[in-house]
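To start, the structure under review is shown below, and the notes come after it.
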Amino acid sequence: MVDLPEGGGWIVVEHPGRDERLMSLMELALTIPEDDREPYLRVACEDDPGLFREVTERLEWERKMNGFLLQPLLPRTEPERPFKPGDVALGRFEIVREIAEGGMAIVYEAFDQKLERRIAIKCPKPGFRRRLPPELRNALEVSHPNICRLYEIHTAHTDAGEVEFLTMELLEGETLLERIRRVERIPVAEAAMIARQVCLGLAEAHRKGVVHGDLKPGNVIITKDPNDTIRAVITDFGLAQPVSEISGPTAAAQSRFRGTPDFIAPELWKGSPITPSSDIYALGVMLFEMISGRRPFEGRPASQRIGVTPVAPGKVAPGVPRAWDRAVTNCLAPETIARPSSAAEVAALLQEKDRTKWIVLLAAALSLLIAVYVFARRPEMPAAVLTVMDLDSDGESAIFARGVMVDVSRRLTALGGDADRKVRVIMVDDSDRIDVRRPEQAADVFGATHALTGRIRHAGGRFTVDVAVLDLKSRQNLKELHSDYSRAEIGSLPGALTIMVAAVFDIRTKLAAATISQPAYPDYVQGLSLLKSDLDTADSAIASFGRAIEADPDSALPYAGLAEAQRLKWGLTNDRSWLERAEESAAKALARNPDSAETLLVLGKLKVSRGAYAEAAAAYRRALALAPNHPDAHVRMAEVQREAGQIAEAARSYETAIQLQPGYYRPYFDYAVFLSRLGRYQDAIVQLETLTRIAPRMRSARYELGRSYLESGRLSDAEREFRTAIAIRESWAELVGLAAVSHLQGRFRDAATYYEQAMKTAPVSANLLANMGDAYRLSGRPADSASAYAKALASAENDVQTNPRNGFHHAMLGYAAARTGDARRAVFETTQAVALAQKDTRVQWRAVATLEALGRREESLRLLQDAPKSLLDDLSRQPDLSALVTDPRFIQLKSLQN
Amino acid sequence: MRRDLIDDARCRPAPGVELAARIDCVFGEMAMEHPEWCPIVELKYYLGLSDDEVANTLGSGLATLQRQWQEARWWIFQKAEAGSW
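Protein chains in written order, with my numbering: chain A, 1 to 898; chain B, 1001 to 1085.
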């Protein structure tokens, strides 16, 4: 039994106490024939010759003592049986009959007179332990159709004193062991059904922090559910325990390994404690036996079971599906790290279809698509880029499919290890930005070679999934997954898809265990799907994550999603309380899983949003330590450095990001934005022109390029780029760009019209409102102008309150104050702005505009003493600043720059 | 407690009486050399508690208790072999 910390992630005790290991080895040595003991111990104690000597010596003691002192002076006088049929325990549980007797416990059928139902009662045998293992209390928490439901622990007063007993679900049917003995080999279809159910049950227990420790066919009962279909149920959860009597007369009978050394994982033979991974090993042995009728290592001594991978079941029996061979062999890997990390993963491996030559017709109804991009194959580069996108479709299925894709892309990104060298993941929101929606487009834009494509349909509470990894060149499917999931099972889908992609690209990195419960999954995925930048979906996303948290309060994932949704909400409403809520959610997510790079990135963004750059940098550094090649982490780090004024460091981070993934558009984009903020528009244009070659239909790249042209005075190039962007999809940003072009051309009326159009969808922004005020003012609409400036002032005040260390916010507040007649405040804020962001030309630009509006020419000119040429050029083009730019001192500054 | 039990055992035809009486003789020596073993031997041998009951009673780890119980038995066994009682 291993306890889970909140939020998942096993605490694996790698070095158990020496006494524990010593006694475990003693116990195991005593269960095997005397002749096998020495070779076994030599292998098991390879790493510790002193331990080998000690165990050997103690075995010699036991041999010589021959049971000395093991018979107590006074034999126990307790009755053989704690209960007999007809007894009514606690005036409530009528004992009907004895069902089974194990080494340490007896199981009775009983009738619960209070709840009027048939139940089973498990009771420790007299002479062993009168108390049930405390770990059992964790097992009581697990509820799953494929796990025997435990009801309650009671204490009865019998003649022998207090006896604890356990009430549980009464299961009628044969054990899997009995069935295997009866039919020798279980038919493939039936085996698949049983295996899947056992995997799901085991996965749920592990998720709740409960390890079985004694998984074997004798502990699986095959019964029928009310629909008369097979129901496989794992029993005896939480009852495995270290042996009670190491060398007593009953030791062999009482050992948890009695009679079944076949299920003991290699690390247990070496004296390590039980873990989920040792359960996975036992699961593998069980699957092996079900499908082949034999056990791996049958008849081999213990010394030959350690560090050896057994042959696949297909080698000892005919007709074993290849997926089973693979799944079973993985489970039976000698090293725990090489085994599947969860039973859900085993279920997915078992379901995998063999490779077929099926040609995919990409139907318009495709509801999901992941394209895999292969870069120009330079050896030091990652082999592939995986992008995730959702296709045009409607209804609930589309939202769900999109969410699954976001989840899968996150899982793949989080893989680390050799996955970083082999695959690059592009997130859904990225795909939205690039505006690539079909595999053909993906191939055209990036030279994609593979796509994970297919559909998820949702009807009548069932999800029908048909997905394949498609080779875009040969148009052949490399791997397919066709399956039907109930709502309760759908949580295992992203794991299965992740494994499928990992298998195609031969990724050997250990896949992370699922860390959210099945009931919470559909809401969680829906939330992910709704994480887009608009108000309605932000609210729905918050609600979805809320439901997911209710269903699984222990999982970190819905809290992390909630933090993102709340941050989005803050971005859309400018209401700072959302930022606080988002930080709380992120903290809860991290309390549940401190090692999520994804959550750390969200946390970092939140810290940046309120100006806590050092904390943000710390969060990003941790994220980078966890995922050194995360597509976003370097870029995010660069953003913090930029905000904190560490210009050279930020540039280096961007360049690192580009180097790590030269075919990935994002770092070019962010680097270009960074450069243009520094006034290095020419450098920005170089990055953006590269980018538009990579992603010709990326709207935001077109927009940024337009902006850079605009800033460098190439107005017609700018207008062309803005119009190209609008042709891809109209949005307020390009309208603002066209407004700016019009403004610079002195067409203030047109500018005002573009601003009005943009304002219909643009988020509230002080900058935009101020520019709109300018356009109104210059086109002779003083009332509209005053109203726009007043709104700009309010918005800037809010921004400054939210993030008091952002220089641009102060600059905007200064300008709005100047335009609304508060000269003192305007100067105060502008001074702060310049002090906070000394290199930011946007701030300097705005500061100059403010000082000019206030008629403070001397200060404008002083501010511009060290200004870059680009800024002076830009100011020269502003119709509004003609008085400044014709000042001889300004002309002198410009000529000095030249 | 030990003394009472031995007397109690003497009154009943139990097979371990001789042994119990002899162990009692080396108990003082054991108490000098390995005082931590005394309660273990009392609870295991005289009272016949199970390992985990003893571990619970003494508040020690199960494996540690088992190791000490084995060592105590071996120590007593060697005394017996040497005929020191």
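By construction, the Cβ of each residue, glycine as well, lies at the ideal position given by its N, Cα and C atoms.
Every value quoted in this text rests on a predicted model; they were computed, and no experiment measured them.
Interface residue (Cβ-Cβ distance to chain B less than 8 Å): Leu30 of chain A is not classified as such.
For Leu1047 of chain B, the nearest CB of chain A lies under 8 Å from its own CB, placing it at the interface with that chain. Between Ala1031 of chain B and chain A, the shortest Cβ-Cβ separation is not below 8 Å. No Cβ of chain B is located within less than 8 Å of the beta carbon of Asp214 of chain A. Residues of chain B whose Cβ lies closer than 9 Å to the Cβ of Gly17 of chain A are, in chain order, Gly1061, Ala1063, Thr1064.
Sequence-distant partners of Leu283 of chain A (beyond 5 residues in either direction) whose C-beta falls short of 8 Å from its own C-beta, in its chain, are Val198, Cys199, Leu202, Leu215, Cys331, Ala343, Val346. For Val635 of chain A, the enclosing alpha helix (DSSP H) begins and ends at 633-643. Closer than 8 Å to the CB of Phe1027 of chain B there is not a single CB belonging to chain A. Annotation for Val635 of chain A: Ala657, Pro667, Asp670 place their beta carbon closer than 6 Å to its own, counting only its chain and skipping 5 residues before and after.
Taking C-alpha positions only, Ile694 of chain A is separated from Tyr664 of chain A by approximately 8 Å. As DSSP reads the structure, Arg97 of chain A sits in a beta bridge with A:Glu109.
With a threshold of 8 Å between beta carbons, Glu162 of chain A makes no contact with chain B.
Nearest C-alpha to Ala156 of chain A among A:Phe83, A:Val827, A:Ala205, A:Asn227: A:Phe83. Residues of chain B with a Cβ closer than 8 Å to the Cβ of Leu287 of chain A do not exist; the shortest Cβ-Cβ separation is about 32 Å. Here the alpha carbon of Val686 of chain A sits roughly 44 Å from the alpha carbon of Arg457 of chain A. For the segment 45-78 of chain A, the beta-carbon criterion of a distance under 9 Å to any beta-carbon of chain B is satisfied by Arg58, Trp61, Glu62, Lys64, Met65, Phe68, Leu69, Leu70, Gln71, Pro72, Leu73, Leu74, Pro75, Arg76. For Thr235 of chain A, the secondary structure class from DSSP, reduced to helix, strand or coil, is coil.
Taking the beta carbon of Ile1076 of chain B as reference, the chain A residues within 7 Å of it are Leu69, listed in sequence order.
Here Ala205 of chain A is near Val142 of chain A, since their CB atoms are less than 8 Å apart. Proximity of Ala1020 of chain B to chain A, defined by a Cβ-Cβ separation below 8 Å, is satisfied. CA-CA distance, Phe1027 of chain B to Cys1038 of chain B, rounds to 8 Å. Between Pro879 of chain A and Gly746 of chain A, the CB-CB gap stays under 8 Å.
Taking a 10 Å sphere around the C-beta of His482 of chain A, we find fewer than 16 other C-beta atoms and assign the residue as exposed. For Leu350 of chain A, the closest C-alpha among the options A:Trp324, A:Ile337, A:Glu649 is that of A:Trp324. At least 8 Å separates the CB of Leu166 of chain A from every CB of chain B. Look at Pro334 of chain A here: in three-state DSSP terms it is coil, with no helix or strand label. The alpha-carbon separation between Val640 of chain A and Lys839 of chain A amounts to approximately 15 Å. With a threshold of 16 other beta carbon atoms within 10 Å, Ala837 of chain A meets it and is buried.
Under the Cβ distance rule, Glu20 of chain A counts among the residues neighbouring chain B, one pair being separated by less than 8 Å. The residues Gln566, Arg567, Trp570, Leu606, Ser609, Arg610, Thr802, in chain order, have a CB closer than 8 Å to that of Leu579 of chain A in the same chain once the five nearest residues on each side in sequence are set aside.
A residue is called buried once 16 or more other Cβ atoms fall within 10 Å of its Cβ, and Met1032 of chain B, having fewer, is exposed. Ala853 of chain A is not a Cβ neighbour of Arg824 of chain A, given a cutoff of 8 Å.
Around the beta-carbon of Glu550 of chain A, fewer than 16 other beta-carbon atoms lie within 10 Å, marking it exposed. Rounded to the nearest angstrom, the Cβ distance from Leu600 of chain A to Ala614 of chain A is 15 Å, too far for a contact under 8 Å. In this structure, the straight-line span from the alpha carbon of Val320 of chain A to that of Arg294 of chain A is close to 12 Å. Rounded to the nearest whole angstrom, the CA to CA distance from Leu25 of chain A to Trp269 of chain A is 7 Å.
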